[in-house]
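In the numbering used here, the protein residues as written are 1310 to 1451.
Here is the structure we will look at, set down as structure tokens.
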């Protein structure tokens, strides 16, 4: 609630990692969403949840928080939650919500030019002489 309290732009992202550096890998994936070309650069408030198996350590949570903090605003309010899920095995999943983007660091998509057809507007074709004859009479004779 504290993260979302002031409204404004928000970004939600998910990252997943496995192996030796799984927490840092999941955090890196979450903060740099390649599909949307959006990052958390400059976010002042971030809430993240880290989910892992029974072997998830506090050190891994710290590693993930460090990766996230390096990208966010220098005075970021960073909060986390951790969940142990037996089914995660050696994987770690991070879900984060980032808010508090000021006008210079708002999450921005990279603009891509849209493909547009250039059509000429239709030019009405009419006979100027027909304008002298009322429409209902023109329809009858047509």
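Each residue gets a CB set at the ideal place from its N, CA and C atoms; glycine is no exception.
Beta-bridge partners of residue 1364 (DSSP): none assigned. When rounded, the separation of the alpha-carbon atoms in residue 1409 and residue 1336 is 19 Å. By the Cβ neighbour-count rule, residue 1442 is exposed, with fewer than 16 other Cβ atoms within 10 Å of its own. A Cβ-Cβ separation of about 16 Å leaves residue 1403 out of contact with residue 1319 under the 8 Å criterion. In its chain, beyond the 5 residues on either side, 1353 have a beta carbon closer than 8 Å to the beta carbon of residue 1384. Secondary structure at residue 1325: strand, using DSSP grouped into helix, strand and coil.
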